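Under UniProt numbering, the letters of the sequence shown match residues 1 to 491, in that order. Built from N, CA and C at the ideal position, the CB exists for glycine as well. Being a predicted model, the structure only gives us computed values, none of them experimental. Okay, so here's the structure we're looking at.
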Amino acid sequence: MPNRKRNQKVSLVTNGVAILVLTLFVAVYYFYSMAIVRKLEDERFAYRENFAWAMFQIQKQYLVLDRDILQFSEEHKDGALTYDDILFDYDLFVSRVSIVRDGSGFSTLQEIPEATKLLNDLTAIIAELDQKISSGEPAAKVVALIDQKLGDMAEQIQDVAVLTTNYVSVYNSTNIAGVKNDIEELSYLFMFGLVVMIGLLAILLHNRQRALRADMDAQVARQQQHVVEEAAEYAKMHALGTLAGGVAHEINTPAQYIHNNLEFLSDSFNELTGAIRYEENGAAQLDIERDRVEFMAEEVPLALRESLEGLERIAGIVRGIRKFAHPTNDSIESVSVPDEIETAITLTRNQIKHTAQLDYSYHADVTEVIGRRNHLSQALINLIVNAGQAIKGNGIKNGKIAVTVTQLDEMIEIRVRDNGGGVPEELRNRIFDYFFTTKEHGVGTGQGLPICRKLIQDDFGGDLILTDGLVGEAEFVIKLPVAAEHLEHQG
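Right, dumping it as structure tokens:
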């Protein structure tokens, strides 16, 4: 409980810090964005004013060039202005025209048809003048040509300058409302983004809490699984202890007649070797009665066959014990249902052979399911041993235990039915409770059935149930889902 409260407190503090950080971030973002908006607004108007300034520079440089040409024509004889001065003024004029014409920031001037026409006309005149200048024409002729070509452009330049100024004025006055709307929309967008961010934060916090709960649930599930596995291992060892006497007797019976047969074979071999008589020519004669030879010829093969069968029976029991006692692998794999049933029957045969007759039938097309090895046989051993104990405890003379396997669509059902008196109605709802048992003290622990049910549910995705059997009978059903690949193969 203290750990839980501490975790809750840490979670609350973390959430508060996250909200505070987000709030500070939003505030900084808001003021920063507003400053940028104001800056962009100022730059937007200044940018439009640059159009008028650029046209004014063209007009100004044109007037300077026109004035200097006039002075050059009147005073070039006494050297007041030189030809280089005229070319310098001309180059400044050309550079201003080029900036407005080719600069990416002045492309909007194309919206003024008169400005576009002026720039095109000036470009054509400049190209012609540049050709004359580069051809080495006399200075006076070049100056006169410049005066001739550009002299008539004064009025056109003046008109375009006025139109540009008017364009900027009209644009500023008509678009100020649009700028305000843009600012308002940006504010709305910011508020929308704020709401979205808060919503996302809430979702993240909620998901984080869910993740923490899921981690805790997973940890609890792992602990429960560990407890179940330990209990299952204990139950398995307990079952082995319960079956140990019967298994030992099951091994001792074939071992005894194997021992007797080996003694018979040894005596027969000694009798045969003792009856061999060797002749002087190297030949060997068998000095034994014919009836005795015929007896040995009939009994020796029979003794060998019985011994081999006994050895195979012992080997099968040992395989079953080793398979059942082997630690369960944590991996999920394909499990053979017939093999698991055979292991359970082999290990319980001697335990119930004096109590009940066990019948086994398999009526399913699918033989494999997905789960963990040994857990199915462990559940079956528990059910068969319980059935035998119920029959013996109730004094049933003709005890019967039937293990029947059927397939219903996507499920394999293993039914274990006995006539040991059944389960009383008042106990049916408690039969799978932990530590509940109907057996005498020291005989049952009350963990077998609930552990087996847990193993079938967790390891196979199935279930273990008690059906409404006939009067005097009990029937437990293990339901196992069939893997999809087995169904496809069957289809």
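**Request:** Enumerate, from N- to C-terminal direction, the unbroken alpha helix (DSSP H) stretches of 4 or more residues contained entirely within the region 275-354.
**Result:** Within the region 275-354, the runs of alpha helix (DSSP H) at least 4 residues long that lie entirely inside it are, in chain order, 290-325, 337-352.
**Same chain only: Cβ atoms within 6 Å of Lys392, ignoring 5 sequence neighbours per side** = On the sequence shown, position 392 is the one that residue 392 refers to. So the qualifying residues of the chain are Thr355.
**Message:** Tell me whether the region 85-97 and the region 58-65 touch, counting them as touching only if at least three CB pairs, one residue from each stretch, are closer than 8 Å.
**Reply:** Yes, they touch.
**Item:** Extent of the continuous alpha helix (DSSP H) run through Asn116
**Value:** Numbered from 1 along the sequence shown, position 116 holds the residue referred to as residue 116. The residue you asked about is not Asn; residue 116 is Thr in the sequence shown. Segment 113-134, the alpha helix (DSSP H) holding Thr116.
**Request:** Pull up the distance between the alpha-carbon of Ser331 and that of Ala303, whole angstroms please.
**Result:** Counted from its first residue, the sequence shown places residue 331 at position 331. Counted from its first residue, the sequence shown places residue 303 at position 303. Distance between the alpha carbons of Ser331 and Ala303 is about 45 Å.
**Message:** Please identify the residue among Met191, Gly274, Ile69 whose C-alpha is closest to the C-alpha of Tyr83.
**Reply:** Locating residue 83 in the sequence shown gives position 83, where the first residue counts as 1. Selected option, being the one with the closest Cα: Ile69.
**Prompt:** So what does DSSP say about Glu473, is it helix, strand or coil?
**Reply:** Locating residue 473 in the sequence shown gives position 473, counting from the first residue. The answer is coil: DSSP assigns Glu473 none of H, G, I, E or B.
**Asked** Between which two residues does the beta strand (DSSP E) containing Ile414 stretch?
**Response** Counted from its first residue, the sequence shown places residue 414 at position 414. In the DSSP assignment, Ile414 falls within the unbroken beta strand (DSSP E) covering 411-418.
**Item:** Reference Asp287, options Asn281, Arg277, Phe295, Met296, closest by Cα
**Value:** For this step, residue 287 is matched to residue 287 along the sequence shown. With distances taken between Cα atoms, Asp287 lies closest to Arg277.
**Request:** Within its chain, find whatever has a CB closer than 6 Å to the CB of Leu480; leave out the 5 residues flanking it on each side and keep chain order.
**Result:** Your numbering for residue 480 matches position 480 in the sequence shown. Within the same chain, Leu480 has close Cβ partners Val369, Ile412, Phe460, Gly462.
**Request:** Can you give me the Cβ contacts of Glu473 inside the same chain, cut-off strictly under 7 Å, excluding the 5 residues immediately before and after it?
**Result:** The sequence position of residue 473 within the sequence shown is 473, counting from 1. Correct list, in chain order: Arg417, Asp418, Asn419, Gly422.
**Asked** What did DSSP end up calling Pro481 once you bin it into helix, strand or coil?
**Response** Residue numbering aside, residue 481 sits at position 481 when the sequence shown is read from its first letter. Annotated three-state conformation of Pro481 is strand, per DSSP.
**Ala364 versus Gln131, Leu347, Ile414, residue with shortest Cα-Cα distance** = Taking the sequence shown and counting its residues from 1, one reaches residue 364 at position 364. Considering only alpha carbons, the answer is Ile414.
**Prompt:** Mapping DSSP to helix, strand and coil, what is Ile465?
**Reply:** Counting from one through the sequence shown, the residue named residue 465 turns up at place 465. Ile465: strand per DSSP, three-state reduction.
**Request:** Determine the DSSP secondary structure at Ala364, reduced to helix, strand or coil.
**Result:** Start at 1 with the first residue of the sequence shown, and residue 364 comes out as number 364. Looking at Ala364 - three-state DSSP - the assignment turns out to be coil, as it is neither helix nor strand.
**Request:** Closer than 7 Å by C-beta to Asp85: which residues in its own chain qualify, once you throw out the five before and the five after it? Chain order, please.
**Result:** Locating residue 85 in the sequence shown gives position 85, counting from the first residue. Here the set comprises Asp68.
**Request:** Closer than 7 Å by C-beta to Leu92: which residues in its own chain qualify, once you throw out the five before and the five after it? Chain order, please.
**Result:** For the purposes of this step, residue 92 is taken as residue 92 along the sequence shown, with counting starting at 1. If we look at Leu92 and ignore the five residues flanking it on each side, its Cβ neighbours are Gln61.
**Message:** Just to confirm my understanding: we take residue 510, look at its own chain, exclude 5 residues before and 5 after, and list those with CB closer than 7 Å. What are they?
**Reply:** Residue coverage of the chain in this structure runs from 1 to 491, which leaves residue 510 outside it and unanswerable.
**Request:** Verify whether the separation of the beta carbon atoms of Ala402 and Leu380 is less than 7 Å.
**Result:** Locating residue 402 in the sequence shown gives position 402, where the first residue counts as 1. Locating residue 380 in the sequence shown gives position 380, where the first residue counts as 1. No. Outside cutoff.
**Request:** Give the C-beta separation of Val142 and Lys132 to the nearest angstrom, bearing in mind that I take them to be a contact with Cβ-Cβ under 8 Å.
**Result:** Here residue 142 refers to the residue found at position 142 of the sequence shown. Here residue 132 refers to the residue found at position 132 of the sequence shown. Their Cβ separation, rounded to whole angstroms, is 6 Å, which keeps Val142 and Lys132 in contact under 8 Å.
**Message:** Out of Asn382, Tyr362, Ser334, which one is the CA nearest neighbour of Arg373?
**Reply:** Indexing the sequence shown from 1 puts residue 373 at position 373. Of the listed residues, the one whose Cα sits closest to Arg373 is Ser334.
**Request:** For my contact list, Glu410 and Leu376 are in at a C-beta cut-off of 8 Å; report their separation, rounded to the angstrom.
**Result:** Taking the first residue of the sequence shown as position 1, residue 410 is located at position 410. Taking the first residue of the sequence shown as position 1, residue 376 is located at position 376. Incorrect: roughly 17 Å between the Cβ atoms, too far for contact.
**Item:** Beta-carbon gap between Arg348 and Ile396 smaller than 7 Å
**Value:** Position 348 of the sequence shown holds residue 348. Position 396 of the sequence shown holds residue 396. Arg is not the amino acid found at residue 348; the sequence shown has Thr there. In this structure, Ile396 does not lie closer than 7 Å to Thr348 by Cβ.
**Item:** Residue of Gln378, Gln219, Ala255 minimising C-alpha distance to Leu455
**Value:** For the purposes of this step, residue 455 is taken as residue 455 along the sequence shown, with counting starting at 1. Measuring from the Cα of Leu455, the nearest candidate turns out to be Gln378.
**Item:** Where Gly406 falls: helix, strand or coil (DSSP)
**Value:** Within the sequence shown, numbered from 1, the residue matching residue 406 stands at position 406. Inspection of the sequence shows that residue 406 is occupied by Thr rather than by Gly. Correct three-state label for Thr406: strand.
**Request:** Taking Leu65 and Asp102 to be in contact with their CB atoms under 8 Å, please state how far apart those CB atoms are, rounded to whole angstroms.
**Result:** Taking the first residue of the sequence shown as 1, we reach residue 65 at position 65. Taking the first residue of the sequence shown as 1, we reach residue 102 at position 102. Contact doesn't hold; Cβ gap of about 20 Å is too wide.
**Request:** Going by CA-CA distance only, name the one from Thr404, Ser361, Asp359, Lys353 that's closest to Gln389.
**Result:** Numbered from 1 along the sequence shown, position 389 holds the residue referred to as residue 389. Nearest of Thr404, Ser361, Asp359, Lys353 to Gln389, Cα basis: Lys353.
**Request:** Determine the direct distance from the alpha carbon of Asn270 to that of Glu279, and round the result to whole angstroms.
**Result:** Looking up residue 279 in the sequence shown gives position 279. Looking up residue 270 in the sequence shown gives position 270. In a straight line, the C-alpha of Glu279 is about 20 Å away from that of Asn270.
**Identified DSSP bridge partners for Val143** = Indexing the sequence shown from 1 puts residue 143 at position 143. Paired residues: none, contrary to the question.
**Message:** Please identify the residue among Pro113, Thr404, Pro254, Cys452 whose C-alpha is closest to the C-alpha of Asn382.
**Reply:** Stepping through the sequence shown from its first residue, residue 382 is reached at position 382. The option with the nearest alpha carbon to Asn382 is Cys452.
**Prompt:** Which residue's Cα is closest to the Cα of Leu118: Gln158, Glu294, Thr253, Val220?
**Reply:** Your numbering for residue 118 matches position 118 in the sequence shown. Residue Gln158 holds the alpha-carbon nearest to the alpha-carbon of Leu118 among Gln158, Glu294, Thr253, Val220.
**Asked** Excluding the five sequence neighbours on either side, which residues of its own chain have a C-beta within less than 8 Å of the C-beta of Thr123, listed in chain order?
**Response** Against the sequence shown, residue 123 aligns to sequence position 123. Counting only Cβ-Cβ distances below 8 Å, and skipping sequence neighbours, we find Val97, Arg101.
**Identified DSSP bridge partners for Leu358** = Reading the sequence shown from its first residue, position 358 is the one you call residue 358. Leu358 is bridged to Ile401.
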